[in-house]
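Engineer:
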Amino acid sequence: MEKLAPIPDPKPYHILLQQPHQRPSLKKPMSRTDFLVKKLLHEKFPKSNTFTLAFLLKSCSILAALKEGQQIHRHVIASGFGSNLFVHPSLLNFYMKCEEVASGRIVFNEITEKNVVA
Numbered sequence: 049m050e051k052l053a054p055i056p057d058p059k060p061y062h063i064l065l066q067q068p069h070q071r072p073s074l075k076k077p078m079s080r081t082d083f084l085v086k087k088l089l090h091e092k093f094p095k096s097n098t099f100t101l102a103f104l105l106k107s108c109s110i111l112a113a114l115k116e117g118q119q120i121h122r123h124v125i126a127s128g129f130g131s132n133l134f135v136h137p138s139l140l141n142f143y144m145k146c147e148e149v150a151s152g153r154i155v156f157n158e159i160t161e162k163n164v165v166a
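Count along the sequence shown starting at 1, add 48, and that's the number in the numbering used here.
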């Protein structure tokens with residue numbers, strides 16, 4: 049019988065994601081975000097959830113990391129979080145901060161339950 053590797057806890061990743069927001073003067077927040085995006089997309093990020101995806105999108109919006117945010121958007125759709133109430137506003141905010149108004153409008157139109165946040 050095959051032994052399965054334990055699935056790592058996502059909390060350390062959440063801490064890493066929050067750090068660029070707490071200290072925006074850091075010179076290397078992009079490399080941290082890029083690292084986490086690669087973990088998410090290429091190494092089957094452990095237990096990715098709505099909070100992880102929202103943090104990643106927030107990091108990308110602060111850093112205007114359009115390419116990485118678009119990769120996360122594709123992952124959001126593929127993983128079934130596309131209509132989530134936490135992730136959808138994060139996607140909308142990301143596209144607006146990156147000045148991608150057309151993409152932001154598409155995301156806004158896809159929101160089924162519009163609220164104060166979206």
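Backbone N, C-alpha and C fix where the C-beta goes; we use that ideal spot for every residue, glycine too.
From R153 to Q118, what distance separates their C-alpha atoms?
Structural biologist: Taking the first residue of the sequence shown as 1, we reach residue 153 at position 105. Taking the first residue of the sequence shown as 1, we reach residue 118 at position 70. Distance between the alpha carbons of R153 and Q118 is about 15 Å.
Engineer: So, L140 versus V155, is the Cβ gap smaller than 9 Å?
Structural biologist: Residue mapping note: residue 140 aligns to position 92 of the sequence shown, counting from 1. Residue mapping note: residue 155 aligns to position 107 of the sequence shown, counting from 1. Taking 9 Å as the Cβ cut-off, L140 and V155 qualify as a contacting pair.
Engineer: Under 9 Å, do I159 and H136 count as touching if we go by C-beta distance?
Structural biologist: The sequence position of residue 159 within the sequence shown is 111, counting from 1. The sequence position of residue 136 within the sequence shown is 88, counting from 1. Cβ distance < 9 Å, so I159 and H136 count as in contact.
Engineer: Starting from the Cα of F142, find the closest Cα among A112, E161, V124 and give me that residue.
Structural biologist: As a position in the sequence shown, residue 142 is number 94, starting the count at 1. Closest by alpha carbon: A112.
Engineer: If you drop the 5 nearest sequence neighbours on each side, which residues of the same chain put their C-beta closer than 8 Å to that of E161?
Structural biologist: In the sequence shown, residue 161 corresponds to position 113, counting from 1. The residues are L133.
Engineer: Which class does A126 belong to by DSSP, given the choice of helix, strand or coil?
Structural biologist: Position 78 of the sequence shown, counting from 1, holds the residue named residue 126. Correct three-state label for A126: helix.
Engineer: Considering only C-alpha positions, which residue in the set E147, H123, A150, M144 is nearest to N97?
Structural biologist: Counting from one through the sequence shown, the residue named residue 97 turns up at place 49. The option with the nearest alpha carbon to N97 is H123.
Engineer: Closer than 6 Å by C-beta to M144: which residues in its own chain qualify, once you throw out the five before and the five after it? Chain order, please.
Structural biologist: For this step, residue 144 is matched to residue 96 along the sequence shown. Same-chain partners within the cutoff: G152.
Engineer: Going by the CB atoms, is the gap between S131 and S109 shorter than 9 Å?
Structural biologist: Indexing the sequence shown from 1 puts residue 109 at position 61. Indexing the sequence shown from 1 puts residue 131 at position 83. In this structure, S131 does not lie closer than 9 Å to S109 by Cβ.
Engineer: Against chain C, with Cβ distances strictly below 9 Å, would P137 count as a contact?
Structural biologist: Absent from the structure: chain C. Only one protein chain is present.
Engineer: Indicate the three-state DSSP secondary structure (helix, strand or coil) for T160 in the structure shown.
Structural biologist: Here residue 160 refers to the residue found at position 112 of the sequence shown. It is coil, neither helix nor strand.
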